[in-house]
Every structure is written in structure tokens, then in C-alpha cells.
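Colleague: Mapping of the sequence shown onto the UniProt record's numbering: residues 1 to 535, in sequence order.
Even glycine gets a Cβ: it sits at the ideal position worked out from N, Cα and C.
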Amino acid sequence: MNPAVHLDGITKRFPGVVANDDVDLAVERGSVHALLGENGAGKTTLMNVLYGLYQPTEGTVRLDGEPQSFDSPRDAIDAGIGMIHQHFMLVDPMTVWENVVLGNEPTTWGGLRVDKEAAREAVVELSERYGFDVDPDATIADISVGEQQRVEILKALYRGADVLIMDEPTAVLTPQEVEELYGVFEELTEQGKTIIFISHKLGEALSAADDITVLRDGVNVGTVAAADVTREDLAEMMVGREVLMEPATTPQAAGDRVLSVSGLDVDDDRGVRAVSDLSFELRAGEVFGIAGVDGNGQSQLVEAITGLRELADGDIWYRGESLSGTTRRDRIDRGMAFIPEDRQERGLVMSYDLTENAILGSQHDQPFAQGGRLDWGASRDHAESVIEQYDVRPPDAAAEAEALSGGNQQKFIVGREFERDPDLVVAMHPTRGVDIGSTEFLHDRLLELRAEGKAVLLVSSKLDEVQGLSDRLAVIHEGEFSGVVDPATVTEEEIGLLMAGETPDDDSVEAASLHEEATDPVAGEPTVDGDEVDA
Numbered sequence: 001m002n003p004a005v006h007l008d009g010i011t012k013r014f015p016g017v018v019a020n021d022d023v024d025l026a027v028e029r030g031s032v033h034a035l036l037g038e039n040g041a042g043k044t045t046l047m048n049v050l051y052g053l054y055q056p057t058e059g060t061v062r063l064d065g066e067p068q069s070f071d072s073p074r075d076a077i078d079a080g081i082g083m084i085h086q087h088f089m090l091v092d093p094m095t096v097w098e099n100v101v102l103g104n105e106p107t108t109w110g111g112l113r114v115d116k117e118a119a120r121e122a123v124v125e126l127s128e129r130y131g132f133d134v135d136p137d138a139t140i141a142d143i144s145v146g147e148q149q150r151v152e153i154l155k156a157l158y159r160g161a162d163v164l165i166m167d168e169p170t171a172v173l174t175p176q177e178v179e180e181l182y183g184v185f186e187e188l189t190e191q192g193k194t195i196i197f198i199s200h201k202l203g204e205a206l207s208a209a210d211d212i213t214v215l216r217d218g219v220n221v222g223t224v225a226a227a228d229v230t231r232e233d234l235a236e237m238m239v240g241r242e243v244l245m246e247p248a249t250t251p252q253a254a255g256d257r258v259l260s261v262s263g264l265d266v267d268d269d270r271g272v273r274a275v276s277d278l279s280f281e282l283r284a285g286e287v288f289g290i291a292g293v294d295g296n297g298q299s300q301l302v303e304a305i306t307g308l309r310e311l312a313d314g315d316i317w318y319r320g321e322s323l324s325g326t327t328r329r330d331r332i333d334r335g336m337a338f339i340p341e342d343r344q345e346r347g348l349v350m351s352y353d354l355t356e357n358a359i360l361g362s363q364h365d366q367p368f369a370q371g372g373r374l375d376w377g378a379s380r381d382h383a384e385s386v387i388e389q390y391d392v393r394p395p396d397a398a399a400e401a402e403a404l405s406g407g408n409q410q411k412f413i414v415g416r417e418f419e420r421d422p423d424l425v426v427a428m429h430p431t432r433g434v435d436i437g438s439t440e441f442l443h444d445r446l447l448e449l450r451a452e453g454k455a456v457l458l459v460s461s462k463l464d465e466v467q468g469l470s471d472r473l474a475v476i477h478e479g480e481f482s483g484v485v486d487p488a489t490v491t492e493e494e495i496g497l498l499m500a501g502e503t504p505d506d507d508s509v510e511a512a513s514l515h516e517e518a519t520d521p522v523a524g525e526p527t528v529d530g531d532e533v534d535a
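Dropping the structure here:
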């Protein structure tokens, strides 16, 4: 019996790069197949070949044994392949059924009018067939992220997809929504659909997939049954060496207060309140983690702390002094490093080379500036040091930032910020898009900073990361902390409930009241003492 998908000897070359090198991949019909690999391993390129975005330099795409030639995604869609991207392509003001049929609406009156009743019925029938609990008349803006993902899947199914490609499908889901997605996989495969998903998460691949293929440097290093391997096995296949899977944290006493946030209100770009009456503190030698589904005020909170967004109310104190009226540059000069959420918009000037990007924010300071002029020799030496220490590829200080992959851009930004010798590191998704080997290194570096007495504010959508690195962990929902918990004892299920704004039925996790104020005996600013709010 022929596999549903067979990529036979796929090679894809770009100028100076072989992204895929004679890759074979066979995916059985009715199965879930995970595709793992480090940054630059060729996973996305391979799936883009299958989806018709790229044409292979060599090799053949076969569906049910038949050779295919796709000149565009439209050809792939017509052949029964659908792709659900990490960032959903939905129209917020429109309803579920309108989004599903958009661009493929049934019509009446000789094609002059959309047959709304037939369209809605088709979506309802499709949703019921696959057990999707989605209200067809709900607007996209009013449903959860997990429901929006199911709408994207319905869109692909409505267009006749038999093979679904999913890119990082759990990146923005709560643990409960992840479990629901696994249930969707099961329902789809029982009805003969085939699923291929790209993931950085080893546990996800082991939980959801029947088979797992690992790419390294554009080559297929092996396909294994999920039931026959461990996370450690997969990590070693991906990296080519043994990898420490869990951050090696050790207890240590926190020092002086470095950051205090008091009664903070922050609005988003539309003037809507994104952060409401938030208070917390962070001390030297401590990692304070913030977990939550993206879009619950994390971005606005971090931008307010780092000087990129004005406060609507409240105050921020840094080392005993109010930051009111200070700029982003002032905060860098005072010892605040920042790893932004959007590396291309906030972290880099894409048209600058790495030497120029390495000194951003410090270009007026020694040793990079002498007598009012830039010292390009010192700047280049610094860039080369960051590149070497953080394994940035290509290792070329003259390369423009836009020439780097996303993961290497991320490593470069992290290296630049860590090497400022900061007192406070505000790290937002520091390992997003970074492979497992580099993630291990960056985790170790964060813990080294903590051991050196630096304060770290860590915001991450990766629960294992934020839970494994944090001394205290806050969960944010709709701009407020729904709880501050002990990361060593809280369960993933309890975090998931807090992420959804619910209070777990467990005395070991309490929804934290973060508005009871104490007085800083030194600075006199209102704060919340960590012991009072921890569960």
C-alpha cells in the first residue's frame, strides 16, 4: 500500500545553500507525523516543497503513489493538501462560517449572489462530522485561540484537504487547548486524514505523533515510531550529541529589590486597557517568570518597563528610583537589557550589518565611541565576540541582519543584550524559534546571570521553559495576574486553568491578590512582597 505522502529524494538548493539534501519522507495515510530538527535543518523548506511554495531542485512529490508537480499552493490545495500556519489568517469581524468559505463561497443567481444558507449549512455539517465544537455564527474576535485554530482546520477541510500540514500548532495554546487539539488529531485520522506537523517541542511530538522524522543539516537522519523513543533520544538525533533536557537550577537567596511595579495601568495601540492595576517586585539573583497565552497584556507590560510605551497610571521603580520620565536610552545606561518579542521590529535594524547591530544602544559609549567618533575596530571585535560565544551563523560580522535565519537573529540579540553586563534582563520569549542545542546554551547563560546576582524578568509562552527557570511564576490573563505560584510544585493543568482566567480547585494554588501594598523601607514605593503573593 502506497503512503499518503512520499517525498522521494527531495533536494532543494538556494544560492550557496543546500536546504534539503536527497530527503526521503514517507507518511502513512491516517497517521500523525511529526517533523523535528534544529534551526536551518530544512523542515520548513521541505514542507514548502510539499505545499507548492517551492519547486524541488531534484526529486519527486508523490501522493498515494502518483507523481505530482505543484507550481503553486493552489495546485497543492487542488491535490488535497492544506497548510495551517502558526499565525492564523482569519478576518476578525467576520463569523466562523464566513471565514471558512471565504474565497470559495457557494453562489446562486448564476454566480451573482452568495448562497449564505448553503454556506452556513456546509460549515455546520463539516464541524459536526469532525466533532468540532465551534459556533458557526460567532465572530472570530469573540472566540478563543483554540477555536480559531479549529476554524483554520475547517477552512482546509472545506477546500477538500486530505493531508494537513501544521506549523508549530501549539505555540499559542493553553495546556487544555493542546489536549483538545490532540483530540482533533485523533478524530481527523480516524476519518482517514493525514497530519504532518512541524514542532520544536519534543514532548509534543511524543504525545501527538505516530511517527517522527528528524532532519539535521538538510538530511533525514531517521524516522522512528514515537512509542520507541524518548525525549533524550530525539534531542540527540537533532543535535548530534547528548543534550541536557532540564535547566540545572539550584536554590539561592534573593538579594536587594531591583524592580518594583506598582498599580500599573497600560493601554494598547487602540487605547484599550491592556494591563490593569498590576503590582509586583523582582530582586537581584531571582528569575521572575510570567506565563500566559499571547495577547493578554504581556507585550504592553514589557514595553512599559523597558521605556517603549507610556503608562496610563502607576509607577515603575528601578534600584530605588522612579523611572517616570526616563527614556529607553536612559534605561540601557542604567543597566537594563531587553530581549524583545519581535526580533525584527524591536531587536535589529535588518539592513545593518552585525557590527552595527552589536552596538545598538551603546554606540555613544566607550569602547565603541572615542572622541565623538565610532571606533569601528572595537565595534567589530565586539560583534565577533558575540558571534563566537553565541554560535551565530554565518559567523560574519559584515553580514546584514536580514541574511540570518530567525533563530540566528535571536541568538545574536540575546548575546548582545547579555553582554551589556546588565543588572536587570527583561527577556521576552528568549528562545522563540531557537533550536534545542542553542536553547540549552541560552538557558545555562540565563542561570549564570542569576547566579551572578542579576535580576531576570522572563516572559515566555513555553511552559516548560518558564517553569523550569523561574524562582516565582506569575500567570497573566486579560492584563491581570490570575495567580503567582511556586513553579516547583504547580502542575501544568493548574497553570492552564490560570491562563484561562480560572482558579484551580486546589489549596496549593491560590489566585493571587496582587493589590495589597507594602512599603519599601528604602525607597518608600508601594510594592507587593513576594512572600505575600506566592501560593
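#1: On the three-state DSSP scale, how would you describe Glu-345?
#2: Measure the alpha-carbon distance for Gly-9 versus Leu-50 and round it to whole angstroms.
#3: Looking only at its chain, what residues have a beta carbon closer than 8 Å to the beta carbon of Glu-303, apart from the 5 residues adjacent to it on each side?
#4: Are Ser-379 and Phe-368 closer than 9 Å when you measure CB to CB?
#5: List the DSSP bridge partners of Val-459.
#6: How many angstroms separate the CA atom of Ile-81 from the CA atom of Gly-297?
#7: Rank Ser-405, Ala-401, Phe-412 and His-382 by C-alpha distance to the C-alpha of Asp-391 and give the top, closest one.
#8: With a cut-off of 8 Å on the beta carbons, I'd call Lys-201 and Thr-250 a contact; round off their distance for me.
#9: Just to check my reading of the structure: Arg-450 and Gly-285 have Cβ atoms closer than 8 Å, yes? What is that Cβ distance to the nearest angstrom?
#10: Under three-state DSSP, which class holds Ser-276?
#11: Going by other Cβ atoms of all chains shown within 10 Å of its Cβ, with 16 needed for buried, is Met-238 buried or exposed?
#12: What is the DSSP secondary structure of Ile-10, counted as helix, strand or coil?
#13: Any idea if Asp-228 is buried or exposed, counting beta-carbon neighbours within 10 angstroms, 16 or more meaning buried?
#14: DSSP state of Asn-20, grouped into three classes?
#15: CB Asp-211 to CB Thr-223, shorter than 9 Å?
#16: Quick one: grab the DSSP three-state call for Thr-355.
#17: If the criterion is Cβ atoms closer than 9 Å, does the pair Val-163 and Thr-189 meet it?
#18: Is Asn-20 closer than 9 Å to Gly-218 when the C-beta atoms are compared?
#19: How about the region 91 to 109 and the region 137 to 150: do they share at least three Cβ pairs that are nearer than 8 Å?
#20: Determine the contact status of Gly-314 and Val-261, defining contact as a CB-CB distance below 9 Å.
#21: Let me make sure I understand the geometry here. Which of Asn-39, Val-221, Asp-75 and Val-184 has the alpha-carbon closest to that of Val-23?
#22: Between the beta-carbon of Gln-409 and the beta-carbon of Ala-401, is there less than 9 Å?
#23: So does the region 267 to 284 actually touch the region 477 to 495, counting three or more Cβ pairs closer than 8 Å?
#24: Under the DSSP definition of a beta bridge, which residues are partnered with Asn-408?
Modeller: Once the coordinates are examined:
#1: In the sequence shown, residue 345 corresponds to position 345, counting from 1. Three-state result, Glu-345: helix.
#2: Here residue 9 refers to the residue found at position 9 of the sequence shown. Here residue 50 refers to the residue found at position 50 of the sequence shown. C-alpha separation (whole angstroms): 13 Å.
#3: Walking along the sequence shown from the start, residue 303 turns up at place 303. For Glu-303, where only same-chain residues beyond five positions count, the Cβ hits under 8 Å are Val-266 and Arg-309.
#4: Numbered from 1 along the sequence shown, position 379 holds the residue referred to as residue 379. Numbered from 1 along the sequence shown, position 368 holds the residue referred to as residue 368. For Ser-379 and Phe-368, yes; Cβs fall inside 9 Å.
#5: Here the question's residue 459 lines up with position 459 in the sequence shown. Per DSSP, the beta bridge partners of Val-459 are Ile-290 and Met-428.
#6: Numbered from 1 along the sequence shown, position 81 holds the residue referred to as residue 81. Numbered from 1 along the sequence shown, position 297 holds the residue referred to as residue 297. Rounded to the nearest angstrom, the two C-alpha atoms are 36 Å apart.
#7: One-based indexing of the sequence shown puts residue 391 at position 391. For Asp-391, the nearest C-alpha among the options comes from Phe-412.
#8: Here residue 201 refers to the residue found at position 201 when the sequence shown is read from its first residue. Here residue 250 refers to the residue found at position 250 when the sequence shown is read from its first residue. With 8 Å as the limit, Lys-201 and Thr-250 do not qualify as a contact, their Cβ atoms being about 25 Å apart.
#9: To locate residue 450, count along the sequence shown from 1; it is residue 450. To locate residue 285, count along the sequence shown from 1; it is residue 285. The beta-carbon distance between Arg-450 and Gly-285, rounded to whole angstroms, is 6 Å. This is short enough to meet the 8 Å contact definition.
#10: Taking the sequence shown and counting its residues from 1, one reaches residue 276 at position 276. Strand, per DSSP.
#11: As a position in the sequence shown, residue 238 is number 238, starting the count at 1. Burial call: buried.
#12: As a first step, residue 10 must be located in the sequence shown, where it is residue number 10. The answer is strand: DSSP assigns Ile-10 an E or B state.
#13: On the sequence shown, position 228 is the one that residue 228 refers to. Exposed: under 16 other Cβ atoms inside 10 Å.
#14: As a first step, residue 20 must be located in the sequence shown, where it is residue number 20. Here Asn-20 sits in strand by DSSP.
#15: Indexing the sequence shown from 1 puts residue 211 at position 211. Indexing the sequence shown from 1 puts residue 223 at position 223. Yes, these two residues count as a Cβ contact at 9 Å.
#16: Working through the sequence shown from its first residue, we reach residue 355 at position 355. In the structure shown, Thr-355 sits in a helix (DSSP, three-state: H, G or I).
#17: Translated into positions along the sequence shown, residue 163 becomes position 163. Translated into positions along the sequence shown, residue 189 becomes position 189. Result no, Cβ atoms of Val-163 and Thr-189 do not sit closer than 9 Å.
#18: Stepping through the sequence shown from its first residue, residue 218 is reached at position 218. Stepping through the sequence shown from its first residue, residue 20 is reached at position 20. Closer than 9 Å, so yes.
#19: yes
#20: Within the sequence shown, numbered from 1, the residue matching residue 314 stands at position 314. Within the sequence shown, numbered from 1, the residue matching residue 261 stands at position 261. Cβ distance < 9 Å, so Gly-314 and Val-261 count as in contact.
#21: Looking up residue 23 in the sequence shown gives position 23. Nearest option by C-alpha distance: Val-221.
#22: Within the sequence shown, residue 409 is the residue found at index 409, counting from 1. Within the sequence shown, residue 401 is the residue found at index 401, counting from 1. It is a contact, given that the beta carbons lie within the stated cut-off.
#23: yes
#24: Numbered from 1 along the sequence shown, position 408 holds the residue referred to as residue 408. DSSP, once it has assigned bridges, lists no residue as partnering Asn-408.
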